[in-house]
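Those letters in the sequence shown? Residues 220 to 467, by the numbering used here. One structure is given below, encoded as C-alpha cells.
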Amino acid sequence: MRRNIAIIFMSFIILPSMNAQKFVIDDAFIENYAFKVKQISEFMSRFNLETCLITPKQDSLWRVYNRVLLFDRETYETNQQRADSLISMIEKDSIQLHYSDTIWTAYAKCRVSYMGKEDSIVLALKPELRGENMYRWVIVEAFGELLSLPSKTLSEHFYISPVDNELNFISLSQITTNNSSNIMQYAGSQFELDGLSVFYTMVYTKQLRILNVQEMTYHFDLSHNHSFDVCYFNRTDKNSGWLIYNFK
C-alpha cells in the first residue's frame, strides 16, 4: 500500500457513471495529480469542492475530476469502475465532510510499552461536542492482542470447583496471586472482553504507556453502505499526502 508507485500516467480515464464519457488526460490534469494533500482538513475542503484544482472553466466534469484527484492513483486505476460508482453516489447525494460529523473515525496505531516490553495497539477516536462550537477527540475503542489478556498457559485445570462455595470460595485468593496471568480462563462462556476498559485500566495502573503514534487512518461511513479510508502517503512521487486508498 505504501510502496513507491512509478510515475506512469494513463492515456485516458473512462467514467461509466458519466455516460462512459472519455476524458483524455492532458498536462494540466497530470500536474494537478502532483499536488500534495498536506492536512486532513485540506482533504475535506477538496472533497467538498471548496478548494478545486480543476475549475468549471476547464472542464464540464470538474466536480468528478476533483474527487478523482483525491484517490491514491494505484487504488483508483486498479478499481476504477467501483471508484467511479462511489464518486457518482457522493455527487448524487450531495455528500460533504465536516469536522463535526459523526461519520468519521480516526484510527491511531500506537507503539506502547507494557510492563517494560514493547507492543502495539490501535485506538479509535471520534470528535465529541463539549460546548457551543467546541469539540474534543475521545477514545471510543481499543484493539490489540495485548488488550485481549491472552492466557500464558492453556489448561483444563483452571476452574473454580463446583463445591468451592462450601469453602467460602477460598480459591479466589489463589487465582489472583498464583494464576493472575491466566485470569481470563475463569470467565464465563458468555463474557465479552472490552478492550477499551482494559486499556484504561492498564494506563490507570501505570502498566501501559504510549510511546508514539506510528500510523493514522481515517474511516468515513457514507450513505447506502458506502465507506472509504484515508491514509497518508509520504512519498516524493506525484499524488501524495492524505488520499483514499480503500473503499467499498
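All residues carry an ideal CB built from backbone N, CA and C; glycine is no exception.
Cα-Cα separation between residue i and residue j, rounded to whole angstroms
i	j	result
residue 348	residue 319	8 angstroms
residue 240	residue 283	Confidence is the limiting factor: at residue 240 the pLDDT is only 41, short of 50, which leaves the residue's position unreliable and the question unanswerable from this model.
residue 263	residue 297	23 angstroms
residue 370	residue 310	50 angstroms
residue 388	residue 409	21 angstroms
residue 453	residue 299	23 angstroms
residue 383	residue 400	21 angstroms
residue 303	residue 413	38 angstroms
residue 381	residue 392	16 angstroms
residue 256	residue 424	40 angstroms
residue 455	residue 287	20 angstroms
residue 279	residue 441	25 angstroms
residue 362	residue 407	21 angstroms
residue 386	residue 350	54 angstroms
residue 352	residue 269	21 angstroms
residue 411	residue 396	23 angstroms
Beta-carbon proximity of residue i to residue j, cut-off 8 angstroms
i	j	result
residue 340	residue 254	no
residue 305	residue 447	yes
residue 285	residue 265	yes
residue 344	residue 357	yes
residue 200	residue 445	Because the chain here runs from 220 to 467, residue 200 falls outside it and cannot be looked at.
Closest residue to residue i among the options (Cα-Cα distance)
i	options	result
residue 375	402, 256 and 387	402
residue 336	266, 365 and 314	365
residue 398	406, 321, 362 and 377	377
residue 324	299, 259, 408 and 350	259
residue 267	361, 350, 314 and 467	314
residue 450	327, 279 and 346	327
residue 354	338, 381, 321 and 362	321
residue 317	261, 407, 277 and 433	261
Cβ-based neighbour list, residue i, same chain, cut-off 8 angstroms, excluding 5 preceding and 5 following
i	result
residue 394	379, 402 and 405
residue 281	271, 273, 274 and 275
residue 443	308 and 312
residue 435	325, 326, 327, 328, 450 and 451
residue 359	324, 343, 344, 345 and 415
residue 372	400 and 401
residue 433	328, 329, 330 and 339
residue 390	379, 380 and 383
Contact set for residue i: own chain, Cβ-Cβ below 6 angstroms, skip 5 residues either direction
i	result
residue 421	427
residue 338	331 and 365
residue 295	302
Touch test, the stretch 317-332 against the stretch 415-435, Cβ-Cβ under 8 angstroms, three pairs minimum: yes
Contact between the stretch 445-462 and the stretch 281-297 (3+ Cβ pairs under 8 angstroms): yes
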